[in-house]
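To keep things clear, I will list the structure first and then write my remarks on it.
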Amino acid sequence: MAAAEGQEPLADRLGSRPVVASEVVHHGMIWDVVRETVDLGDAGEVTREFVRHPGAVSVVALDDRDRVAMVQQYRHPVRVLEWEVPAGLLDVDGEDPWVAAARELHEEADLRADEWHVLVDYFSSPGGMDEALRVYLARGLSHVPEDDRHEREGEELGMPVRWVDLDEAQDAVLAGRVHNPSAVIGILAAHAARERGWGTLRPHDAPWPEHPSHR
Numbered sequence: 001m002a003a004a005e006g007q008e009p010l011a012d013r014l015g016s017r018p019v020v021a022s023e024v025v026h027h028g029m030i031w032d033v034v035r036e037t038v039d040l041g042d043a044g045e046v047t048r049e050f051v052r053h054p055g056a057v058s059v060v061a062l063d064d065r066d067r068v069a070m071v072q073q074y075r076h077p078v079r080v081l082e083w084e085v086p087a088g089l090l091d092v093d094g095e096d097p098w099v100a101a102a103r104e105l106h107e108e109a110d111l112r113a114d115e116w117h118v119l120v121d122y123f124s125s126p127g128g129m130d131e132a133l134r135v136y137l138a139r140g141l142s143h144v145p146e147d148d149r150h151e152r153e154g155e156e157l158g159m160p161v162r163w164v165d166l167d168e169a170q171d172a173v174l175a176g177r178v179h180n181p182s183a184v185i186g187i188l189a190a191h192a193a194r195e196r197g198w199g200t201l202r203p204h205d206a207p208w209p210e211h212p213s214h215r
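Residue numbers 1 to 215, in full-length UniProt numbering, belong to the letters of the sequence shown in order.
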């Protein structure tokens with residue numbers, strides 16, 4: 001549906017306010033906690049603490065029977081074995097986001113894809129961290145040969161892969177049985193995109209100015 005007459009299309013707007021002071025208050029193993037004082041003009045100065053995050057990508061891998069590849073992983077902060085879509089951090093310098101997504105699909109689900117599109121972008125928690133995430137749709141799937149598969153370790157060791165019909169996956173999300181944000185957002189977006197004949201998909205290398213490294 002188009003925007004109402006005289007209105008611009010609904011869209012977030014990139015913008016920044018002057019940072020008066022900035023310091024790292026905690027250096028973490030993967031991400032840091034930062035404290036910054038920001039000048040909001042007429043509203044005065046405010047101080048905010050947030051997690052500085054490298055960003056991440058995830059993959060809704062859909063086979064020719066419209067089944068989604070899902071993996072189960074233990075997430076200690078919430079004490080839950082979550083059903084997720086393959087995903088990972090953007091922690092390799094200079095790696096294109098879609099290449100990182102392909103790497104994660106290979107490592108976590110032993111899959112490759114011939115067709116890649118951007119499905120949806122989002123911020124995980126914009127009031128508390130600067131993490132930007134991109135969800136890809138991967139199709140034209142094939143299995144990675146046994147000799148080329150990634151050796152999993154840690155939380156990924158023994159991680160099962162389950163194929164779930166896209167309608168069933170949507171039902172699980174709406175029933176509150178699946179909670180991982182990339183899975184929830186990616187599954188709902190994929191289901192909606194399919195209903196529109198995939199006309200909403202963007203190229204795999206579509207601009208991503210919301211991620212600090214791609215502005």
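For glycine and all other residues, C-beta sits at the position ideal for the given N, C-alpha and C.
Query                                                                                              : Result
Status (buried if at least 16 other CB within 10 Å, exposed otherwise) for residue 205             : exposed
Identity of the residues DSSP links to residue 88 by a beta bridge                                 : 57
Cβ contact check for the region 94-105 and the region 16-27: 3 or more pairs under 8 Å             : no
Same chain, Cβ closer than 7 Å to residue 114, neighbours up to 5 away in sequence not counted     : 140
Residue 121 in three-state terms, based on DSSP                                                    : strand
Cβ contact (3+ pairs, closer than 8 Å) linking the region 180-188 and the region 83-92             : yes
Minimum C-alpha distance to residue 111 - residue among 146, 133, 89 and 131                       : 146
Counterpart residues of residue 14 in DSSP-defined beta bridges                                    : The partner list for residue 14 (beta bridge, DSSP) is empty, contrary to what the question assumes.
DSSP bridge partner residues for residue 73 (one or two, in chain order)                           : 82
CA nearest to the CA of residue 301, picked from 177, 202 and 171                                  : What the structure shows of the chain is the stretch from 1 to 215, and residue 301 is not part of that stretch, so it cannot be assessed.
Reference residue 41; option with closest CA among 34, 20 and 58                                   : 20
Stretch-stretch touch, CB-based, cutoff 8 Å, three pairs: the region 71-80 with the region 114-127 : no
Burial state of residue 136, where buried means 16 or more other Cβ atoms lie within 10 Å          : buried
Presumed contact (8 Å Cβ cut-off) between residue 220 and residue 131, rounded CB distance         : Outside the modelled stretch of the chain, which goes from 1 to 215, sits residue 220, for which no answer is possible.
Nearest-angstrom Cβ-Cβ length linking residue 46 and residue 33, presumed shorter than 8 Å         : Not confirmed; about 17 Å, so no contact.
Reference residue 50, options 15, 62, 190 and 126, closest by Cα                                   : 126
Simplified DSSP assignment, three categories, for residue 116                                      : strand
Whole-Å CB distance - residue 209 paired with residue 14, under 8 Å assumed                        : 6 Å
Separation of residue 48 from residue 18, as counted between CA atoms                              : 13 Å
C-alpha distance - residue 143 paired with residue 69, whole-angstrom precision                    : 12 Å
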